[in-house]
């Protein structure tokens, strides 16, 4: 579904010529590998959800290990292709993928590959159908926090200013009344598992944006808006 995307690799800022140079000139290169995986997954899922599309889907684009292969299969691919990773690491990666995929199937009770195909598709929806009243807030594990304050900086400069340093402790404080659950703090945290996004009960019934527009379904008040 996806191959190399036209791109300019870079620019030699001294010679003022795009890279790579061929006799003083350049042209577009091909953007590929793991960087294109999110795009490829979207394309696979879009076809898998299309009720008028009935051809087998072969997923390709950013497949580097068995987990990547599983993701493509769960979103509707009945086969998976690998190119860039083989170029980088050789065909041995295929054996690693087969081994990992087999262990995954055993641990999840899949006897055949066909049983996995598209299992994640029913849970993939449009933004307007998501529950707008679903709420999460960030929680910091004080035992594993190293006090780097990256979450403080990220939230202050790029999000909702709800993560604050505290005197006398390395662990920042999260103002849950302002936290919108964007998970930027979790993304920048260098210690896996230190920041979790925890669901909170807010008393509001599930309601999507489409339901709000069509039927006036009640939405919870927005946080982080001043």
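Residue numbers (the working numbering): 5 to 230.
Each residue gets a CB set at the ideal place from its N, CA and C atoms; glycine is no exception.
Note that the structure is a prediction, hence the values are computed from the model and not measured.
Delimiting residues of the alpha helix (DSSP H) encompassing residue i
i	result
residue 201	Premise fails: residue 201 lies in the beta strand (DSSP E), 199-203, not in any alpha helix (DSSP H).
residue 90	88-93
residue 42	41-53
residue 75	70-78
residue 107	96-111
residue 214	213-219
Cβ-Cβ separation, residue j to residue i (assumed contact under 8 Å), whole Å
i	j	result
residue 209	residue 137	7 Å
residue 49	residue 128	5 Å
residue 145	residue 197	7 Å
residue 76	residue 84	5 Å
Candidates the options, of which the one nearest residue i by Cα
i	options	result
residue 231	41, 132, 91	Beyond the ends of the chain as shown, which are 5 and 230, falls residue 231; an answer cannot be given.
residue 213	130, 33, 119	130
residue 32	19, 13, 46	13
residue 36	92, 15, 16	92
residue 125	161, 143, 81	81
residue 139	48, 22, 16, 205	205
residue 18	11, 155, 28, 9	28
residue 10	63, 30, 55	30
residue 8	122, 40, 15, 207	40
residue 162	95, 192, 207, 173	192
residue 53	23, 24, 122	122
Chain-order list of residues whose beta-carbon lies under 6 Å from that of residue i (same chain, five-residue window excluded)
i	result
residue 68	38, 89
Residue interval of the beta strand (DSSP E) (run including residue i)
i	result
residue 148	No beta strand (DSSP E) holds residue 148; DSSP gives it neither H nor E.
residue 10	9-11
residue 128	Per DSSP, residue 128 belongs to no beta strand (DSSP E) and is neither H nor E.
residue 16	14-16
residue 35	33-35
residue 23	21-23
Under 8 Å between C-beta atoms of residue i and residue j
i	j	result
residue 105	residue 70	yes
residue 231	residue 178	No statement about residue 231 is possible, as the shown extent of the chain runs from 5 to 230 and does not include it.
residue 180	residue 164	no
residue 190	residue 169	no
residue 108	residue 157	no
residue 78	residue 120	yes
residue 235	residue 97	Past the boundaries of the shown model lies residue 235; the chain is included only from 5 to 230, so the question cannot be answered.
residue 134	residue 159	no
residue 22	residue 15	yes
Same chain only: Cβ atoms within 8 Å of residue i, ignoring 5 sequence neighbours per side
i	result
residue 100	69, 70
residue 227	164, 181, 182, 183, 184
residue 175	144, 146, 149, 151
Spatial neighbours of residue i in its chain, beta-carbon cut-off 7 Å, leaving aside the 5 residues before and after
i	result
residue 43	6, 65
residue 57	51
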